[in-house]
């Protein structure tokens, strides 16, 4: 009896102290099918080593796909709260769904760190920092780059119509290109073409045939520029191709001269910094005085493709 | 077997024409092509337009043919959506990442498709679980394995492969710069599947299977072997499309195939295959695929909002199902009056 009491008391104390001293954080991320998030995860994994060395834990939670995005994200947030985490690192893609859930989490004392998306809601959320790329600035930089390299009429291809970050990218491309005297047409294809390389290649091909004044294509995902490269080669065209994000094929084309450039937002840094800095804040009370911290845009073209390829081989770019 | 009427094309009477499973879908194809020919003009009717929709039709068509056979036999196959990236990734890892001979890589990729098909068929014949649920299960399992192994082995979700000139020529080139070689593979698949369904004795078995599995078994048809064979064919075809895409785009991605699941089923249904099984034709499936591809690509040539394409596809699908019922009722009425 006495033993049982002591045991129970010890167990309670142990649980309480574990809650008080082990900083547990959840990192919420996009679909595992999305190659981009493998690079985020590489950063998170590397940061996890540091977290675990200091007695904390990292729980990496991801949505199964993007079909039921808002509700799926809220489910993950609630799951993290139910697990009793001390901090959540999360991109805000769907503010209407995510912000109320995150505010409820913050009221319970959970610290929010933002990465990758949703910079505009940072003040509202009270997130301690934001690690990511400014979509508009990245687009603007890409538009300026293509126009300065001779593009007069750029096709900006949106693979998921209505996605705010994609629309913002094309808005940036448009205004960046216009500042240098070039024109931009935005192509919004039906959402069922997302991830369909052949369908996208044929859609872009028909646009290039329909309007021969188009001399450059800007894609918002690496696979979509695989499709553009195919479309351009089918019609034997000379259109420049730019893209957001990269994959090995993009870099190979940049090396071979069949693609002009890629805009890298350095997802490795986003995952690594969001995880490690959230933990350091919880454990050591540190704060970065630069806020937000922009990890992009970094433009990859023929001049620096070699170092990017080295990073790709290591799974970090 | 009364279902044999589906296999015969005798006479030119209205009843016989209307009774053919592809009659309704052929009308749909003509209407849709005429609509986009008017909207899209000379460019759509010329080589760029034809290559555009044929390139799309070829890939989805190769998958739709065996999926259609399965649907005629009363089964579904959802797993094609993850067999495509699985075979692609397998081939890319074997031949691109490890640098082994490309034939070995392609063999492994196609082997993955056959294996998944075998597992599907085995589970469908050995359990009473509906094939929809079984193939959803294998789809997720294969998706997970593809991702897991890709990250484990290659450290990335996209793996690169540069095919040699001969492989590229046979599997991934564009003739006249525009027509993907996959179109010829589609034709070859269509001829083989046509032979299987409408000429060889196994075709009767497929119809019988979809009509009534119990009676088919009692009539001495090896239903289990047939079902497993059909699933292996569909796994093989999906894997083949994966290899074609890899040789064309030189890049294997873990998430490329999902759109094929619904697209292949839609092509089959627009082509007049009865959802409950027992009726359908290869010509119908080919027509359904062409219609689907024309609508998908036509919108980009017509200057319409691309989302209009999705609306047209949806309406066509419903119209196909309704007209199947309508044509069927009409045909049955006509034949009873005659007979």
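Residue numbers (my numbering), protein chains in the order written: chain Z, 6 to 322; chain U, 32 to 370. Built from N, CA and C at the ideal position, the CB exists for glycine as well. In this text the structure is predicted, and so the values were computed from the model without any measurement.
{"query": "Proximal residues to residue 144 (chain Z) (C-beta, below 6 Å), its chain only, five neighbours per side dropped", "result": "174, 177, 178"}
{"query": "Bridge partners - residue 161 (chain Z), DSSP secondary structure assignment", "result": "Z:191, Z:223"}
{"query": "Residue 245 (chain Z) in three-state terms, based on DSSP", "result": "strand"}
{"query": "Outcome for residue 203 (chain U) when other beta-carbon atoms lying within 10 angstroms are tallied against a minimum of 16", "result": "buried"}
{"query": "Within chain Z, the residues that residue 316 (chain U) reaches when beta carbons sit closer than 7 Å", "result": "Within chain Z, no residue comes near residue 316 (chain U); the closest Cβ sits about 19 Å away, beyond 7 Å."}
{"query": "Near-chain Z residues of the region 196 to 212 of chain U (beta-carbon distance less than 7 Å), N- to C-terminal order", "result": "205, 208, 209"}
{"query": "Of the residues U:215, U:157, U:71, the one placed nearest residue 336 (chain U), counting alpha carbons only", "result": "U:71"}
{"query": "Terminal residues of the beta strand (DSSP E) in which residue 268 (chain Z) lies", "result": "266 to 269"}
{"query": "Contacting residues, own chain, Cβ-Cβ under 6 Å from residue 85 (chain Z) (five flanking each side not counted)", "result": "31, 93"}
{"query": "Candidates Z:40, Z:237, Z:230: closest to residue 320 (chain Z) by CA position", "result": "Z:40"}
{"query": "Which listed residue (Z:187, Z:70, Z:182, Z:192) has its alpha carbon closest to that of residue 171 (chain Z)", "result": "Z:192"}
{"query": "The region 313 to 346 of chain U: positions lying closer than 7 Å to chain Z by Cβ", "result": "327, 328, 331, 332, 337, 338, 340, 341"}
{"query": "Within chain C, partners of residue 269 (chain U) - CB distance below 8 Å", "result": "Absent from the structure: chain C. Protein chains present are Z and U."}
{"query": "Outcome for residue 390 (chain U) when other beta-carbon atoms lying within 10 angstroms are tallied against a minimum of 16", "result": "This structure leaves residue 390 (chain U) out entirely; chain U is present only between 32 and 370."}
{"query": "is_contact[residue 83 (chain U), chain Z] using C-beta, thresh 8 Å", "result": "yes"}
{"query": "Collapsed DSSP secondary structure at residue 64 (chain Z) in the structure displayed", "result": "strand"}
{"query": "Chain Z within 8 Å of residue 188 (chain U), Cβ atoms only", "result": "yes"}
{"query": "Closest Cα partner of residue 258 (chain Z) within the set Z:274, Z:270, Z:232", "result": "Z:232"}
{"query": "Alpha helix (DSSP H) segment containing residue 262 (chain U), residue limits", "result": "254 to 280"}
{"query": "Pair within 8 Å by beta-carbon distance, residue 135 (chain Z) and residue 298 (chain Z)", "result": "yes"}
{"query": "Cross-chain neighbours of residue 290 (chain U) in chain Z, by beta carbon under 9 Å", "result": "197, 198, 199, 200, 201, 204"}
{"query": "Under 7 Å (Cβ pairs) to chain U, residues found in the region 245 to 262 of chain Z", "result": "252, 253, 254, 257"}
{"query": "Own chain partners of residue 57 (chain U) with C-beta closer than 6 Å, once the 5 adjacent residues on each side are dropped", "result": "318"}
{"query": "Residue 360 (chain U) classed as buried or exposed, judged by whether at least 16 other C-beta atoms fall within 10 angstroms", "result": "exposed"}
{"query": "Partner residues on chain Z for residue 280 (chain U), Cβ-Cβ distance less than 7 Å", "result": "202, 231, 235"}
{"query": "Identified DSSP bridge partners for residue 94 (chain Z)", "result": "Z:32, Z:118"}
{"query": "Residue-chain proximity (residue 119 (chain U), chain Z), Cβ-Cβ < 8 Å", "result": "no"}
{"query": "Proximal residues to residue 259 (chain U) (C-beta, below 7 Å), its chain only, five neighbours per side dropped", "result": "149, 152, 153, 156"}
{"query": "Sub-8 Å separation of residue 29 (chain Z) and residue 91 (chain Z) beta-carbons", "result": "yes"}
{"query": "Neighbour list for residue 69 (chain U) in chain Z, Cβ cutoff strictly below 7 Å", "result": "Simply none; closest approach about 16 Å."}
{"query": "Secondary structure, alpha helix (DSSP H): runs of 4+ residues fully inside the region 254 to 300 of chain Z", "result": "272 to 289"}
{"query": "Secondary structure of residue 128 (chain U), DSSP reduced to three states", "result": "helix"}
{"query": "Neighbour flag for residue 194 (chain U) against chain Z, beta carbons, 8 Å", "result": "no"}
{"query": "For residue 138 (chain Z), the three-state DSSP class (helix, strand or coil)", "result": "strand"}
{"query": "Three-state class that DSSP yields for residue 211 (chain U) in the structure shown", "result": "strand"}
{"query": "Where residue 79 (chain U) meets chain Z, residues with beta-carbon distance less than 8 Å", "result": "210, 211, 214, 240"}
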